[in-house]
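Okay, structure first, notes after.
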Amino acid sequence: MTATTDRLESLFASRVREVVPPLFGAAGEPVRPLISLAYGLADPDLFPRAELMAAAAEVLAYEAADSLNYALSYPGLTDQIVERLRAEGVAAQPEHVLVGYGSGQILALLPEIFVEPGDTVIIEAPSFLGAVRRFVQSGARLISIPVDDQGMDVALLSDTLRKLAAGGRRPKFIYTIPTFHNPTGVTLSLERRRQLVALAAEYGVPVVEDDAYIDLRFAGEPLPSLAALDQEGWVIRVGTYSKILAPGLRIGWVHARREIIDRLLMVKAEGTTGPFITRVVARFCENGRLERHIAMLRQHYAAKCAAMAAAIRQHFPAEASFVMPAGGFFIWVKLPQGVSARALLEAARARGAEFLAGTACFVDRAQGEHAMRLAFSFQSISRIEEAIAIIGAAFADL
0 MTATTDRLES LFASRVREVV PPLFGAAGEP VRPLISLAYG LADPDLFPRA ELMAAAAEVL
60 AYEAADSLNY ALSYPGLTDQ IVERLRAEGV AAQPEHVLVG YGSGQILALL PEIFVEPGDT
120 VIIEAPSFLG AVRRFVQSGA RLISIPVDDQ GMDVALLSDT LRKLAAGGRR PKFIYTIPTF
180 HNPTGVTLSL ERRRQLVALA AEYGVPVVED DAYIDLRFAG EPLPSLAALD QEGWVIRVGT
240 YSKILAPGLR IGWVHARREI IDRLLMVKAE GTTGPFITRV VARFCENGRL ERHIAMLRQH
300 YAAKCAAMAA AIRQHFPAEA SFVMPAGGFF IWVKLPQGVS ARALLEAARA RGAEFLAGTA
360 CFVDRAQGEH AMRLAFSFQS ISRIEEAIAI IGAAFADL
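Just so you know, we're using numbering that gives the first Met the number 0 here: the sequence shown kicks off at 0 and counts up by one.
Following this line, the structure appears as structure tokens:
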């Protein structure tokens, strides 16, 4: 077995030699009796089951020939995406939109068309490691820009771009989650948004705007997306139905210049995205139903976020701090000085709850040792309160 394993390992491409453990464990792994606040799963109680069943039945009844055969993605869904983008000020066109199997597929395809091994990609620190993992596997050299309470430090980004340009290097793209950032929950300020778009144009560097949570605002006023501020086509806007409808549908999309869309189609091996599922999603979303559903989601997630924040204030040490998010799925807590997130996680698991240690959100795992990400999206309010009380009690075990 060892000899076969060694011979097989030698065949793997260098970018996948090291296996990264999956988020949800191996198939058949026993489920631990923990209350998990670790992952940003959607609340299954909020899935519109009856409406989706009705939409699927209508597609099967009236469009089976087109939806169940080999066919293109349903253009009606693309038109809906374009309409929503235009409503927020983006000069969108159908030929600039590609529908994919979740935003995760789009984020995996982008390095396929941009990155050669050794190329530079700029990311935030901390960031969504699901995307960053793909960039690492492509062979990119990652440069991290810190995130503070106002989002990415754009002044440091400007200095970084200037130094790279002086050395004859141009990053292939900048990856950012500007609205209700994962994992910190913060939102990039309007001034920094404008600066970021201006830097992209000045240095000729695309900005990948991952706006998975933009629709889930439950406090404050909306800010224009980077794509809405962009006048020269440097912003690649990535969106998803996972947070506003259901992750299992696996429908995401990208809006970008036609040159980028054409090349994404070249590496999207299966071609267009399921004619059946794109019709089902489009039928559900028509006649304002998606917007009404989003309004309901905002109300429910706002209550969960408020409950988690109140529980943190009650059960965590006073020295623990966080920025109250205005939307999204997460609260990012900075731990008291001297408290290790990984040690606290071990103690909390022993008591029956878990969270995501901040180290998991940095490429350099030496960072984030004194921070934690708490997801309020999945668990009920009572379970959130129970889990936070458990984690709070675990501080005494350190």
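By construction, the Cβ of each residue, glycine as well, lies at the ideal position given by its N, Cα and C atoms.
Across the set 313, 381, 362, the C-alpha of 313 shows the shortest separation from the C-alpha of residue 392.
For residue 175, the uninterrupted beta strand (DSSP E) segment begins and ends at 172 to 175.
If you draw a straight line from the Cα of residue 277 to the Cα of residue 300, it comes to about 26 Å.
A residue is called buried when at least 16 other Cβ atoms come within 10 angstroms of its Cβ; residue 66 meets this threshold and is buried. Going by DSSP, residue 333 is part of the beta strand (DSSP E) stretching over 329 to 333.
The beta carbon of residue 236 lies closer than 6 Å to those of 208, 226, 254 in the same chain, with the five residues before and after it left out. Closest option to residue 199, judged by alpha-carbon separation, among 325, 243, 94, 160: 160.
Within a 10 Å sphere around the beta-carbon of residue 11 sit fewer than 16 other beta-carbons, which makes this residue exposed. Here residue 118 carries a coil assignment [DSSP, helix/strand/coil]. Contact between residue 306 and residue 384 holds: their C-beta atoms lie close to 6 Å from each other, under 8 Å. Shortest Cα-Cα distance from residue 377 to any of 365, 397, 364, 354 involves 354. For residue 258, the enclosing alpha helix (DSSP H) begins and ends at 257 to 266. With 16 or more other Cβ atoms from the protein chains shown falling within 10 Å of its own Cβ, residue 242 counts as buried.
Annotation for residue 371: the continuous beta strand (DSSP E) segment containing it runs 370 to 374.
Between the C-alpha atoms of residue 329 and residue 3 there is a straight-line separation of about 44 Å.
When DSSP states are grouped into helix, strand and coil, residue 5 belongs to the helix group.
DSSP places residue 58 inside the alpha helix (DSSP H), whose first and last residues are 48 to 61. When DSSP states are grouped into helix, strand and coil, residue 282 belongs to the helix group. Under the three-state reduction of DSSP, residue 151 is assigned to strand. 251 is the residue among 282, 251, 285 whose C-alpha sits nearest the C-alpha of residue 272.
Counting the other CB atoms within 10 Å of its CB gives residue 73 a total of 16 or more, which places it among the buried residues. Boundaries of the beta strand (DSSP E) harbouring residue 235: 234 to 239, taken from the DSSP string. Look at the beta carbons and you see the segment 126 to 134 not touching the segment 286 to 300: under three pairs across the two are nearer than 8 Å.
By the criterion of a C-beta distance shorter than 7 Å, residue 46 is surrounded in its chain by 245, once the five residues flanking it on both sides are discounted.
Residue 309 and residue 270 have their alpha carbons spaced roughly 47 Å apart. Taking a contact to require three or more Cβ pairs closer than 8 Å, the segment 180 to 196 and the segment 147 to 162 qualify as touching. If you draw a straight line from the Cα of residue 222 to the Cα of residue 396, it comes to about 42 Å.
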